[in-house]
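Start counting at 1 in the sequence shown, then tack on 860, and there's your number in the working numbering. Okay, so here's the structure we're looking at.
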Amino acid sequence: MAGGEIFEGKPTQSTLLTCIFAFNLIVGVGALALPYAFNSVGFVLGCILLSFVGFLGFVTLTFVLEAIANTSALVVIREPSDDQNTMTQSLLKSSLGTQARVFDTTEKPTYSDLFQFTHLEMSQLSKHLFPIWGQNLFYVVICFYLYGDLAIYGCAVPKTLSDFTGVDYNIFLAGFSALMVPFAFMNFSKTKYLQIATLATRNIALLTMIVLTIKFIAEGKGSTNVEYVKPSGISVAWGGLIYAFMCHHSLPSIVTPMKDKSKAVKSLFFTFILVAFVYTSLSVSAVFAFSNLSSTDCPNHPGDACQIKSLYTLNFSSFDVEWLAKFLTLFPVFTLTSNFPMISITLRNNLVTLFQRLDILNHSKKKQFLLCAILSPCPPLLVSFAVHDVSMLVGITGAYGGMFIMFIIPTLFVRISRQQLELYLGVGGIPDHSLRSPFRSKYWEYGVLLWSVVSLGIITASYIMKAL
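Laid out in structure tokens, this is it:
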């Protein structure tokens, strides 16, 4: 996440394949909490909030793309290689005239030579753009988000198994913990085919749930008196909506293999539209089908439907086709269990980096590694013993960790990269390269930051009021 795999080789990935990878990255476990979020705020307000969060998410996505291109240019300017030195100096001379410390060149370069998309993960961007304290804070935020991810997974899997079998939740969580903790001490090896199978299973399940729900409504079994707007539920839905659009942390790994990166912004815009359509279809159909039903729990056999659950797949345990009901109910167990070790190892590696930066146990790398391996899966699993509400964990993770990674950090990246480039190219001297954000006005930056701070304040106040 903060330090993904480095792409090596010639970029050959098509625009369509980029869209598919981006779609699969965005549509994850957060989608299963969205119907409950929509039901909490009313389907009209839910659609408005979904559109707003999705749009701002796309804005900051373009900020990340531009920040990577800008930082790549800064790296070339500050530390040019021998074959880049003459080109860089000529570009700077054309921008700064007699003030530039440059020499002439016989070959006239273009700005596209300077603004290239290189594989810079968010952790590397923070190293180039943030001061030391900012870099440390970045790793703290990443670790918090990963802890939230693991807590969500640690809660969702045992809850699914407990509701499906009737066996106590804590028994399944204890077994899940015993199975997952050892992976934090191992190394991650590529599991391409496992991930492809996981992605295919998830998308088939989502499509099946949408079709079955629409069929349920068409048969006249849906809810009546559906509520349009419920402002009191915004605190429940807000973090879940943010969490559902999270992909910024893995954007470099998606775009780097892309053959024609000039189409990155348009292809990702199309992907966001498609994701919003799927989310809206899933959530609105759920509200019209299950929002006001009398039963609060669905049986584990063919029977009556129930109200929307915090983990939406549990709404299908009573479907009359039993094998399909079992598939939909249990599919989070397989997908989340396969992802837990990868996220745990990623968190461990980020904790090691943070410990090294803070000079914690640097004298003993072995002790440092073991401590980080323990601190990676154990705290979120302990949280899962105390908190059984998936929607609550999704909300907190999205409202805080997601808010920083999706909105605040990308905005700071693009603001600082623009400021530093203007020191070399002059105010207003940044060219309209192919990866530059369409939202280039500084008011977009200020607006996103202001909205983020206000949102954090409102969400925090709502949680405090609920606790009192």
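Virtual Cβ for every residue (Gly too), placed ideally from N, Cα, C.
- Contiguous beta strand (DSSP E) elements confined to the segment 1111–1166 do not occur, taking only those with 3 or more residues.
- Of the candidates Val1115, Leu1328 and Val887, Val887 places its Cα closest to the Cα of Ala1060.
- Leaving aside the five residues that flank Leu1153 on each side, the residues in its chain whose CB is nearer than 7 Å to its CB run, in chain order, Ser1083, Ala1165, Cys1166 and Gln1167.
- For Ser1224, there is no enclosing alpha helix (DSSP H), as DSSP marks it with neither H nor E.
- Per the C-alpha coordinates, the member of Pro1201, Tyr1139 and Thr1213 positioned closest to Tyr1172 is Tyr1139.
- In this structure, the straight-line span from the alpha carbon of Gly914 to that of Ile1203 is close to 24 Å.
- Taking Ser1145 as reference, the option from Leu1101, Lys1081 and Gly1093 with the minimal CA-CA separation is Lys1081.
- Within the segment 1273–1321, complete beta strand (DSSP E) segments of at least 3 residues are not found at all.
- Of Ile1094, Lys1123, Lys1326 and Arg1217, the smallest CA-CA separation from Asn899 is found for Ile1094.
- Per DSSP, Thr1189 is one residue of the alpha helix (DSSP H) stretching across Glu1182 to Arg1217.
- Ranked by how close their Cα comes to the Cα of Ala1259, the residues Ile880, Phe1004, Ala927 and Thr922 have Phe1004 in first place.
- When the beta-carbon positions are compared, Phe1264 and Val1001 come within less than 7 Å of each other.
- Between the alpha carbons of Phe1043 and Phe1200 lies a gap of roughly 9 Å.
- Taking the CA atoms as reference points, Phe1150 sits about 11 Å from Asp1157.
- Across the structure, Met1266 and Ile1276 are spaced so that their CA atoms are roughly 16 Å apart.
- Ser1110 has its alpha-carbon roughly 22 Å from the corresponding atom of Pro1240.
- In the DSSP annotation of this structure, the continuous segment of the alpha helix (DSSP H) that includes Ile1094 starts and ends at Ile1094 to Ala1104.
- Annotation for Asn930: Ser1277 and Leu1281 place their beta carbon closer than 6 Å to its own, counting only its chain and skipping 5 residues before and after.
- Each residue's CA atom was taken as its position, placing Tyr1306 and Val924 some 16 Å apart.
- Inter-segment contact for the segment 1178–1194 and the segment 1012–1025 is present: three or more beta-carbon pairs are separated by less than 8 Å.
- Contact between Phe1273 and Leu1006 does not hold, since the beta-carbon distance rounds to 19 Å and is not under 8 Å.
- Cβ-Cβ distances below 6 Å link Ala1185 to Phe1176, Ser1177 and Phe1179 in the same chain, with the five nearest sequence neighbours on each side left out; the list follows chain order.
- The residues Gly902 and Val904, in chain order, have a CB closer than 6 Å to that of Tyr1088 in the same chain once the five nearest residues on each side in sequence are set aside.
- Scanning its chain for C-beta atoms nearer than 6 Å, with the 5 sequence neighbours on each side dropped, one finds around Lys1227 the residues Leu1221, in chain order.
- Residue pairing by DSSP places Gln873 opposite Met1118 in a beta bridge.
- The beta carbon of Pro895 sits closer than 6 Å to the beta carbons of Ser1143, Ala1146, Ile1168 and Tyr1172 from its chain, once the five residues preceding and following it are set aside; these are given in chain order.
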